[in-house]
Each structure stands twice: as structure tokens, then as C-alpha cells.
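To keep things clear, I will list the structure first and then write my remarks on it.
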Amino acid sequence: MNSLFKALNDETRRGIVELLKEKDMNAGEIAERFHISKPSISHHLDILKQADLVISEKKGQFVEYSLNTTILEDLLNWILTLKK
4 MNSLFKALND ETRRGIVELL KEKDMNAGEI AERFHISKPS ISHHLDILKQ ADLVISEKKG
64 QFVEYSLNTT ILEDLLNWIL TLKK
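Numbers 4 to 87, taken from this note's numbering, label the letters of the sequence shown in order.
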């Protein structure tokens, strides 16, 4: 859970999550939407992967990233238990 909160604590990573909510993308497509270097985008994607927020799959020459909605459902369920 700590890695999940760490991943969501960064504005760029939250932006990446928002992009992946719309559609799966490769790192180059993600990098085009931000004004930071491609290595920085890769670093953010690694943190999102470590937190299980993002899933990656090799497709030809590219690695495609998609949002792992299961972990988000788990987070929401946990937050709802705090309400009780």
C-alpha cells in the first residue's frame, strides 16, 4: 500500500494514470504529452509498475502500458472501510 501512495503522490504519475485511463499507450506516446525527458517518463512508469498501478506488455518493438484497475478497486475498497 505504501508504494501505491508513493506512486500517486507525484503530479506527473497522476497525469500518466489519467492518460492510461483513456487508452493504452507506449512510453513514447506518454512522453509526447509531458515536458520532461523520456528517461524521466521511464522512471515514473517504473514506479507506477512497482505499485501495480500499471501493467506493461511487449508488443513488437514497443512496450505498451495499461492501467491496472484491480489495484484501484482494492484501494477504493480499503478507503470505504475507513468510513465505517
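Glycine included, C-beta positions come from ideal geometry on N, C-alpha and C.
Three-state secondary structure (DSSP) of residue i
i: I58; result: strand
i: E35; result: coil
i: S40; result: coil
Closest Cα partner of residue i within the set the options
i: V66; options: G31, L83 and I19; result: G31
i: M4; options: K86, I50 and G63; result: I50
i: S45; options: Q64, T15 and E25; result: T15
Contact under 8 Å by Cβ, residue i with residue j
i: L7; j: L78; result: yes
i: H47; j: D13; result: yes
Backbone CA spacing between residue i and residue j [nearest angstrom]
i: K9; j: R17; result: 11 Å
i: M28; j: S59; result: 10 Å
i: E25; j: K62; result: 19 Å
- Touch check for the stretch 68-81 and the stretch 46-58: three-plus C-beta pairs under 8 Å? They touch, by the three-pair rule.
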